[in-house]
Amino acid sequence: MLENDKIVLRAPELTDLDLLFNWENQTKLWYLSNTLLPFSRFDLEQFILQGNHDIYADKQFRYMITHKSTNEVIGCIDIFDFDAHNERAGLGILIDEKYRNKGWASESLELIINYAFNYLKLHQLYCNILSSNKESLNLFKKKHFSEIGVKRDWVFIESKYHDEILLQLIRKN
Numbered sequence: 779m780l781e782n783d784k785i786v787l788r789a790p791e792l793t794d795l796d797l798l799f800n801w802e803n804q805t806k807l808w809y810l811s812n813t814l815l816p817f818s819r820f821d822l823e824q825f826i827l828q829g830n831h832d833i834y835a836d837k838q839f840r841y842m843i844t845h846k847s848t849n850e851v852i853g854c855i856d857i858f859d860f861d862a863h864n865e866r867a868g869l870g871i872l873i874d875e876k877y878r879n880k881g882w883a884s885e886s887l888e889l890i891i892n893y894a895f896n897y898l899k900l901h902q903l904y905c906n907i908l909s910s911n912k913e914s915l916n917l918f919k920k921k922h923f924s925e926i927g928v929k930r931d932w933v934f935i936e937s938k939y940h941d942e943i944l945l946q947l948i949r950k951n
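Count along the sequence shown from 1, add 778, and you get the number used in our numbering.
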């Protein structure tokens, strides 16, 4: 497990099924994972049970963000598009609405950056954030991610195109 004095990042468990089902089936969040169809409980259960938990094989891993003292699940943070050869991966984070703006995303991001650079030995991390998502843009910039590009009219949400910002963090030697 990855942890600090406030949070633990751990693998998904069957006890997380209802929460994952809720998050994955909120249509307003589908753009985050390019999803167009709902997930069934069975699909999510299989994701938890069948995942071999090998980032090198799966090229991705989801960590559940839990409050260290209460074990409440706060959100999740994903490493995706893991590329061992080029030493890079994407990051995505979701904090449940009732836990937002309390520093949990920052704590989680710091843990995952340290893990990616010091354990996985990645050279760089990147993320894609809607230009309208100022809170997430500020969060990643505070963690020293640099804006390296804008994908114009990249995401179609509610009958409108939105720009997506590409941010990158390169490990310092």
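Glycine included, C-beta positions come from ideal geometry on N, C-alpha and C.
Contact set for residue i: own chain, Cβ-Cβ below 6 Å, skip 5 residues either direction
| i | result |
| --- | --- |
| G927 | L944 |
| N849 | none |
CB of residue i within 8 Å of CB of residue j, strictly
| i | j | result |
| --- | --- | --- |
| I891 | K921 | yes |
| I907 | F918 | yes |
| F817 | N803 | yes |
Residues near residue i by beta carbon distance below 7 Å, same chain, minus five either side
| i | result |
| --- | --- |
| F923 | C905, L945, Q946 and L947 |
| R819 | L795 and F799 |
| H845 | I785 and I852 |
| A862 | Y834 |
Three-state class that DSSP yields for residue i in the structure shown
| i | result |
| --- | --- |
| N906 | strand |
| S886 | helix |
| E925 | strand |
| E913 | helix |
| A894 | helix |
| E865 | coil |
| F817 | coil |
| K899 | coil |
| Q946 | strand |
| E802 | helix |
| L844 | It is worth fixing the name first, because residue 844 is Thr in this sequence and not Leu. Looking at T844 - three-state DSSP - the assignment turns out to be strand. |
| K880 | coil |
| D796 | helix |
Distance between beta carbons of residue j and residue i, contact taken as under 8 Å
| i | j | result |
| --- | --- | --- |
| A867 | A835 | Contact doesn't hold; Cβ gap of about 14 Å is too wide. |
| D859 | K876 | About 29 Å separates the two Cβ atoms, so there is no contact after all. |
| R788 | M842 | 5 Å |
Cβ-based neighbour list, residue i, same chain, cut-off 8 Å, excluding 5 preceding and 5 following
| i | result |
| --- | --- |
| L797 | V851 and D874 |
| S909 | L915, V928, H940, D941, E942 and I943 |
Min CB distance residue i to chain D below 8 Å
| i | result |
| --- | --- |
| R819 | You won't find chain D in this structure, because it holds only one protein chain. |
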